[in-house]
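Residue numbers (this note's numbering): 14 to 433.
Each residue gets a CB set at the ideal place from its N, CA and C atoms; glycine is no exception.
To start, the structure itself, in structure tokens.
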Amino acid sequence: MPSPYRAIFAAPGSRSFSAAGLIGRLPLSMVGVGILTMISELTGRYSLAGALTATLALSAAVIGPQVSRLVDQYGQRRVLRPATLLAVLAVSGMLLCTAYGAPDWTLFLFSALAGCVPSVGSMIRARWTAIYRDSPRELHTAYSLESVLDEVCFIFGPIIAIGLSTTWFPEAGPLVAGACLLVGVWWLTAQRATEPAPHPRGEDTDRTSALRSPGLQVLMATFVATGAIFGSIDVVTLAFAEEQGHKAAASFVLAVWAVGSCLAGIVFGLLHLKGSAERRWVLGICAMAVSMIPLLLAGNLPILAVALFVSGLAIAPTMITTMALIEAHVPRAKLTEGMTWISTGLAVGVALGSSVAGWVIDAAGARTGYVVSISAGTAAAAAAFAGYRRLTRPAQGEEPSNDGDDGDSAQERDTDRRVA
Numbered sequence: 014m015p016s017p018y019r020a021i022f023a024a025p026g027s028r029s030f031s032a033a034g035l036i037g038r039l040p041l042s043m044v045g046v047g048i049l050t051m052i053s054e055l056t057g058r059y060s061l062a063g064a065l066t067a068t069l070a071l072s073a074a075v076i077g078p079q080v081s082r083l084v085d086q087y088g089q090r091r092v093l094r095p096a097t098l099l100a101v102l103a104v105s106g107m108l109l110c111t112a113y114g115a116p117d118w119t120l121f122l123f124s125a126l127a128g129c130v131p132s133v134g135s136m137i138r139a140r141w142t143a144i145y146r147d148s149p150r151e152l153h154t155a156y157s158l159e160s161v162l163d164e165v166c167f168i169f170g171p172i173i174a175i176g177l178s179t180t181w182f183p184e185a186g187p188l189v190a191g192a193c194l195l196v197g198v199w200w201l202t203a204q205r206a207t208e209p210a211p212h213p214r215g216e217d218t219d220r221t222s223a224l225r226s227p228g229l230q231v232l233m234a235t236f237v238a239t240g241a242i243f244g245s246i247d248v249v250t251l252a253f254a255e256e257q258g259h260k261a262a263a264s265f266v267l268a269v270w271a272v273g274s275c276l277a278g279i280v281f282g283l284l285h286l287k288g289s290a291e292r293r294w295v296l297g298i299c300a301m302a303v304s305m306i307p308l309l310l311a312g313n314l315p316i317l318a319v320a321l322f323v324s325g326l327a328i329a330p331t332m333i334t335t336m337a338l339i340e341a342h343v344p345r346a347k348l349t350e351g352m353t354w355i356s357t358g359l360a361v362g363v364a365l366g367s368s369v370a371g372w373v374i375d376a377a378g379a380r381t382g383y384v385v386s387i388s389a390g391t392a393a394a395a396a397a398f399a400g401y402r403r404l405t406r407p408a409q410g411e412e413p414s415n416d417g418d419d420g421d422s423a424q425e426r427d428t429d430r431r432v433a
């Protein structure tokens, strides 16, 4: 591992909570694909599979920020453990209903209940922020590492979920995902020394949501469209691989996509970039949008894999820059909630993208489904351009959580430290 990455692990307990977070966030890439594979294996109905995935994502979008808001108030251990238990029980209920042929409405019920799954990635980033709040260079590297680990999960998660559900039994993917969530969260919350201090909200404390920040609103709106890219590509790639007669290969094609992002994230974490973070963010969103176009032209799985690899190069750097912007626009006492709102935007987008893509696939075939990805990319770029001024506009309010910068000049650092 390059020396900047080794350096951040000098902090006591950092290796342990990072490892726990890796296990705990693995279900992020397993549950949705696992449900898609399970339902398609048992019923062949991609529209139902997409609708269930959408229900799960929308539920997480509603409940997730509230869970993180409670974490900011009461601490990770007190909130994450009961939330995780409820999520695991809900996933188990869905699997039992599927195995015994229960009516479709029961699947939707348990999908909605499973939305209380905590945003483990946000919890880990909050721990890094507590450690390196006054060391912006190390914090940039830590955020880069977290984005790389996110991509590692997206490399192996779909492979594990699809492989288990296609070669063992259909419910195996979501079942293993629930077990990983339980183990990861319990291990993480057992580490009290690195847990960020809670911020109880008394009568004199601002009780408004972090989403009141205009900058965070722009980031979330853009990531709704970005999530639609992710959700549609997952569903369409699975269906396209099935049309090609190699359904199990979908996990490897999606892994290639994640490898591109992972490699880009590793390199990005080594850089000490100058210039405006806002401009880098807009350029990253536009790069993702443009990279959707070749997907519609791919005629076979190898060409599709190459196109997805190139597309993935823009993902991790954009996500890393997004986290830096959140720090500049969200008060310290609401940081976990602010990070979770980005996950919420992605979840809403995944729900929309997977659902619409499922309908398009059933109506017009798999490859046509990539039109949904291209449309989502266009919407993301439009939202980024429309909200650019709100990201750079001077704002008023509480102290932002960022006490430094990610390498910008002094003048640009003033912009990056504004808070809504």
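Who are the near neighbours of residue i in its chain, counting only those whose CB is closer than 7 Å to its CB and skipping five residues on each side?
i           : result
residue 238 : 362, 389, 392, 393 and 396
residue 240 : 358, 359, 360, 361, 362, 363 and 366
residue 76  : 128 and 129
residue 209 : 139, 140 and 143
residue 335 : 232, 294 and 355
residue 24  : 144
residue 122 : none
residue 401 : 291 and 295
residue 185 : 177 and 178
residue 125 : 68 and 72
residue 29  : 204
residue 106 : 123
residue 131 : 80, 93, 96, 97 and 198
Taking a contact to mean a Cβ-Cβ separation below 8 Å, would you say residue i touches residue j in this structure?
i           : j           : result
residue 9   : residue 317 : The structure shown does not extend to residue 9, since the chain spans only 14 to 433, so no value can be given for it.
residue 491 : residue 262 : Residue coverage of the chain in this structure runs from 14 to 433, which leaves residue 491 outside it and unanswerable.
residue 26  : residue 157 : no
residue 277 : residue 330 : yes
residue 195 : residue 97  : yes
residue 63  : residue 368 : yes
residue 355 : residue 232 : yes
residue 133 : residue 205 : no
residue 120 : residue 65  : yes
residue 274 : residue 325 : yes
residue 342 : residue 228 : yes
residue 311 : residue 320 : yes
residue 287 : residue 85  : no
residue 279 : residue 161 : yes
residue 183 : residue 55  : yes
residue 108 : residue 187 : yes
What is the rounded straight-line gap between the Cα of residue i and the Cα of residue j?
i           : j           : result
residue 380 : residue 249 : 7 Å
residue 33  : residue 165 : 14 Å
residue 372 : residue 242 : 15 Å
residue 412 : residue 112 : Residue confidence is low: residue 412 scores 47 on pLDDT, short of 50, so the model does not pin down where it sits. Its coordinate-derived value is still stated next. One C-alpha to the other measures close to 51 Å.
residue 117 : residue 339 : 39 Å
residue 178 : residue 403 : 45 Å
residue 384 : residue 90  : 43 Å
residue 71  : residue 159 : 24 Å
residue 251 : residue 148 : 42 Å
residue 307 : residue 150 : 36 Å
residue 22  : residue 399 : 39 Å
residue 247 : residue 87  : 36 Å
residue 110 : residue 155 : 41 Å
residue 256 : residue 19  : 44 Å
residue 260 : residue 180 : 11 Å
residue 17  : residue 285 : 11 Å
residue 333 : residue 114 : 43 Å
residue 53  : residue 405 : 45 Å
residue 58  : residue 226 : 41 Å
For residue i, collect the residues of the same chain with a Cβ closer than 8 Å to its Cβ; drop the 5 residues on either side in sequence, then sort them by chain order.
i           : result
residue 94  : 198, 199 and 202
residue 235 : 298, 358, 393, 396, 397 and 400
Is residue i close to the ligand ZN? I mean its beta-carbon at under 7 Å from any heavy atom of the ligand.
i           : result
residue 404 : This structure lacks the ligand ZN; in fact it carries no ligand of any kind.
Excluding the 5 residues preceding and the 5 following residue i in the sequence, name in chain order all residues of the same chain whose CB lies nearer than 6 Å to its CB.
i           : result
residue 172 : 264 and 268
residue 45  : 66
residue 99  : 129
residue 370 : 245, 248, 249, 382 and 385
residue 207 : 26, 30 and 140
residue 104 : 127, 187 and 191
residue 502 : Outside the displayed range of the chain (14 to 433) lies residue 502, so it cannot be described from this structure.
| When the Cβ atoms of the region 337-351 are set against those of the region 73-88, are three or more pairs found closer than 8 Å? | Taking a cut-off of 8 Å for Cβ pairs, the region 337-351 and the region 73-88 touch, as three or more such pairs fall below it.
| How about the region 294-310 and the region 182-200: do they share at least three Cβ pairs that are nearer than 8 Å? | No, the region 294-310 is not in contact with the region 182-200.
| message | Under 8 Å, with one C-beta from each stretch per pair, do the region 132-144 and the region 48-58 reach the 3-pair mark? | response | Taking a contact to require three or more Cβ pairs closer than 8 Å, the region 132-144 and the region 48-58 do not qualify as touching.
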